[in-house]
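Undergrad: Got a structure here, written out as structure tokens. Questions coming.
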Amino acid sequence: MLSITAIRVVRRRGDRRGGVTTPRVKRAAAATAVAVLSLGATLGSAQAQFTRVYGFGDSYADTGTAPGGAFRLGHEPCVYPGVCSFTGSTTFVQTLQSLYAAPEMVNYAIGGARTSNSNTLGFLGSNYGFPYELARLAHDGVRFTDRDLIALSIGGNDSSQLVNDVGAARTLGTQAAARAVNGTGVGTITGTFDGVTYNDVATYGVQQLVAAGARNIAWFSAGNSKYFPEPEGGAAVQAPARDAFAHTYYQELQTLLRPMAQAGVRIFLFNYEILQRRIFENAAIYGFSAVPGCEANGGGSIPQVTGCFYENSVHPTGAAMALIASYMANQIDAPTTVVPQGSISTALATGFTGSVFGRLDAQRSLAPFGLGSALAYAGPPKAAPAANPADRWSIYGAASYANGSRDRQFYGSGYDYNSVGGIFGAEYRLDQNWRVGGVFGYSQPDVELGVQNARERIDAYQFAGYASYADAHWFADGLLGYGRHDFALQRQGIIDTIRGNTRADVFTVAGKAGYLFDVGQLRVGPLASLTYSNAQIDGYTETGDVLLTMTVDRQRVEALTGDTGVQLRYPLLIGGGIYSPFVNLTAAHDFIGEGRTITTMLVSAPLLPILTPVAGDGRTYGRVAAGVSALVSGNVSATLTVGSTFARSGGDDLALSGGVKLAF
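The numbering used here numbers the first residue of the sequence shown as 2 and each following residue consecutively.
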């Protein structure tokens, strides 16, 4: 009978054969799973973005199925009847597949695999290490896409070769990392294995996975063997040597993987040692038993306790693997919560610009231009209102509401938002045609993202100066604006809430012009506008669980949107008052649509930049705006405007505004 021990798997001691699949062990695993789920962490569905999950490496990843599977390849019965993993339940790979609802999972992992082409399991001989898995992958002709998630755990079994020498441990860690990443020092593979003949096949570590198209890699690091209930080598290998191997291996992995990460391969390196230390110090924070050194399948001198983190000497339970996979999924999804910041900032600037232009359109309802036809069709002749030369100054204010949504992208979370705010401005009329003004706006968007219960609360302060011209047929508006957007960010972690704060500075230049023809009582004509926004979003570092927090680099986002269409006005004379409601119907196009890249780093893996591509908009959609002003008294007028996008791929926006103006 086989068993799991210090080298992940060796022959089982006779006094521990019983109880492997007893109802008590099953109940313990179930209880632990409930405890983990009660955390309310990201054990629910993650962003459903991957279509396949590939497992590589050692027993932490080995699900038992072909083309990997240690027991299958060795023609040996599984340790746990009916479950050919080494956890007595599921692995982190299977949990990742479940979290992402990936239709397919392919297992290349082999329990006992080392970074060299060797294995800790005697029945597998000196073969079936990580290089063999890569040789089999090449034989199968697999090509990855960005829809494939590579789940990898390798390096832990190399620590079975430790001796109680710190220098030798560091050397072993350096060599193991080089083998894992680049295949340095790994011999070629020759022979027939699992029905396939290999002739002097060379492999190149993770670099080979990248060459095959891998773009998303979730790496379960080796951790530190000193935290295992039964570490390999026992008391003969002391903690300093174990620390030296673990820390050297983890650091060298980052150094060697960095060029791939800088080239765009997204590598999420999970620092298992941090979690091991927490379990050792206070397992109860995750709902596991706090009995030191316990195993769910313990025996002899090892305490067998319900709810242990470890199933056996070195392997976590299925519930512990679910916790680990949830951490890994949270790391993978975290950059998707950053992606919307750019579009939100530019959308706030564009929305503010639209509200200023909409108010100017509505205020032109009160101008004495082009109203002759309205008066002619209104019955008894009446004089158009003349502007009072003394009423050159005016102040105005308006309240606003906006909402909208965006669908998720492959690397970007979808979101819904609601925003309330207002504007206050002053205006000076130079003459009957020209006016200039300044306006301040404040809004407080509340953005709910579609992953990790993430939320962004924003305080948006915006300023603009504008000039407006109108005569009997022509009208034109121009605007220069600046906005400061303060983001308060939060997203759900595993044991706490991850928080961040940043600021966006947004500069806007916009222009709009049109010409109106008189067609009976209707006024109609072409309309065009162009809005450019440039947002600079400060970098920041999140606070919270160090296994999940990110450092986010500074972002620069540009948007250039053009609108062309038609404006319609229908002047009305009602109760002695003149109204000229307008409707703008335009086709909008986002011209700067080449996309951009967001750079983040896990705080626990600072040498590995994670480059997340953001698809550009570059789409054409519809936009409609309408409004009207009414004279309340001699020098007080009221304005109402509404605007919305439609047929926009990814989601639409709606904005309402109402206010008053006082002239003096």
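Beta carbons are placed, not taken as given, at the ideal position from N, Cα and C, and that holds for glycine. Nothing here was measured: the structure is a model prediction, and the numbers come from that model.
(1) Using the C-alpha atoms, what's the distance from isoleucine 599 back to arginine 137?
(2) Threshold first: 3 residues or longer. Then list the beta strand (DSSP E) segments lying entirely within the segment 309 to 378, N to C.
(3) Nearest to alanine 62 by alpha carbon, out of Phe51, Gln50, Pro78 and Arg115?
(4) Can you confirm whether tyrosine 273, when its beta carbon is compared against all beta carbons of chain C, has any partner nearer than 8 Å?
(5) If I measure Cβ to Cβ from asparagine 225 and keep anything under 7 Å in the same chain, skipping five residues before and after, which residues do I get?
(6) Helix, strand or coil: how does DSSP classify threonine 621 here?
(7) Helix, strand or coil for alanine 391? Go by DSSP, reduced to three states.
(8) In three-state DSSP terms, what is isoleucine 495?
(9) Please classify glycine 75 as buried or exposed, where buried requires at least 16 other C-beta atoms within 10 Å of its C-beta.
(10) Identify every run of the beta strand (DSSP E) within the segment 442 to 519, keeping only runs that are complete inside it and at least 3 residues long; order them along the chain.
(11) Where does alanine 87 sit, in a helix, a strand or coil, going by DSSP?
(12) Hey, valine 448 and threonine 542 are a contact pair by Cβ (cut 8 Å); roughly how many whole angstroms apart?
(13) If you compare alpha carbons, which of Gly168, Val187, Phe93 and Gly439 is closest to glycine 130?
(14) Quick one: complete beta strand (DSSP E) runs, 3+ long, within the segment 511 to 588?
(15) Candidates Val629, Leu254 and Val510: which alpha carbon is nearest proline 607's?
(16) At what residues does the beta strand (DSSP E) containing arginine 430 begin and finish?
(17) If you draw a straight line from the alpha carbon of isoleucine 396 to that of glycine 466, how long is it in whole angstroms?
(18) Quick check: what's the CA-CA separation for asparagine 434 versus aspartate 497?
(19) CB alanine 536 to CB threonine 565, shorter than 8 Å?
(20) Over the uninterrupted beta strand (DSSP E) stretch that includes tyrosine 133, give me the two end residues.
(21) What separation, rounded to the nearest whole angstrom, lies between the Cα atoms of proline 386 and aspartate 417?
(22) What's the call for arginine 492, buried or exposed, on a 16-neighbour Cβ count within 10 Å?
(23) When we look at the beta-carbon of glutamine 463 and count the other beta-carbons within 10 Å, is it buried (16 or more) or exposed?
(24) If the criterion is Cβ atoms closer than 8 Å, does the pair isoleucine 495 and tyrosine 228 meet it?
(25) How is the beta strand (DSSP E) around tyrosine 251 delimited, first residue to last?
(26) Just the Cα atoms here: how many angstroms apart are serine 39 and alanine 335?
(27) In the structure shown, what three-state DSSP assignment does alanine 170 receive?
(28) Determine the burial state of tryptophan 220: buried for a count of at least 16 other Cβ atoms within 10 Å of its Cβ, exposed for fewer.
(29) From Ile459, Thr193, Val238 and Arg500, pick the residue whose C-alpha is nearest to that of arginine 485; which is it?
(30) Which two residues bound the contiguous alpha helix (DSSP H) that contains asparagine 283?
(31) Assign proline 390 to one of two classes, buried (16 or more other C-beta atoms within 10 Å of its C-beta) or exposed (fewer than that).
(32) Given a cut-off of 8 Å on the beta-carbon distance, is the pair glutamine 556 and glutamine 342 in contact?
(33) Do the CB positions of threonine 646 and glycine 319 come within less than 8 Å of each other?
(34) For the putative contact between serine 401 and leucine 657, defined by C-beta atoms under 8 Å, what is the C-beta separation to the nearest angstrom?
(35) In or out: glycine 58 buried (at least 16 other Cβ within 10 Å) or exposed?
(36) On the DSSP letters alone, give me the boundaries of the alpha helix (DSSP H) that phenylalanine 93 sits inside.
TA: Checking against the coordinates, here is how it stands:
(1) Approximately 35 Å between the Cα atoms of the pair.
(2) none
(3) Arg115
(4) Looking at the structure shown, chain C is missing, and only one protein chain is on hand.
(5) Result list for asparagine 225: Arg243, Asp244, Ala247, Glu274 and Gln277, in chain order.
(6) strand
(7) Residue placement at alanine 391 is poorly supported in this model, since its pLDDT is 48, which falls under 50; the coordinates are not used for a value here.
(8) coil
(9) buried
(10) Counting only runs that start and end inside the segment 442 to 519, the beta strand (DSSP E) elements of at least 3 residues fall at 447 to 450, 456 to 471, 475 to 493 and 498 to 516.
(11) Looking at the sequence shown, residue 87 is not alanine but phenylalanine. Note: phenylalanine 87 maps to coil in three-state DSSP.
(12) Not quite, the Cβ-Cβ distance comes to about 20 Å (not below 8 Å), so this is no contact.
(13) Val187
(14) 518 to 520, 523 to 538, 551 to 553, 556 to 570, 573 to 575 and 578 to 580
(15) Leu254
(16) 416 to 430
(17) 14 Å
(18) 59 Å
(19) Threonine 565 is positioned such that its CB atom lies no closer than 8 Å to that of alanine 536.
(20) Segment 131 to 141 is the alpha helix (DSSP H) holding tyrosine 133; no beta strand (DSSP E) there.
(21) The predicted position of proline 386 is uncertain, since its pLDDT is 48 and thus under 50; a value taken from the coordinates is nonetheless stated next. Cα to Cα, proline 386 sits roughly 45 Å from aspartate 417.
(22) So arginine 492 ends up on the buried side.
(23) Counting other Cβ atoms within 10 Å of its Cβ, glutamine 463 reaches 16 or more and is therefore classed as buried.
(24) no
(25) That residue, tyrosine 251, is in no beta strand (DSSP E); its alpha helix (DSSP H) goes 240 to 263.
(26) Note that serine 39 scores 41 on pLDDT, short of 50, meaning its location in the model is unreliable and no value can be drawn from it.
(27) Helix at alanine 170.
(28) buried
(29) Ile459
(30) That run of the alpha helix (DSSP H) goes 273 to 283.
(31) Note that proline 390 scores a pLDDT of 48, beneath 50, so its modelled location is shaky; the value from the coordinates is reported in the next line. When all chains shown are included, proline 390 counts as exposed.
(32) yes
(33) No; because the gap between Cβ atoms is not below 8 Å, this pair is not in contact.
(34) Right, the Cβ-Cβ distance comes to about 7 Å (below 8 Å), so this counts as a contact.
(35) buried
(36) 93 to 100
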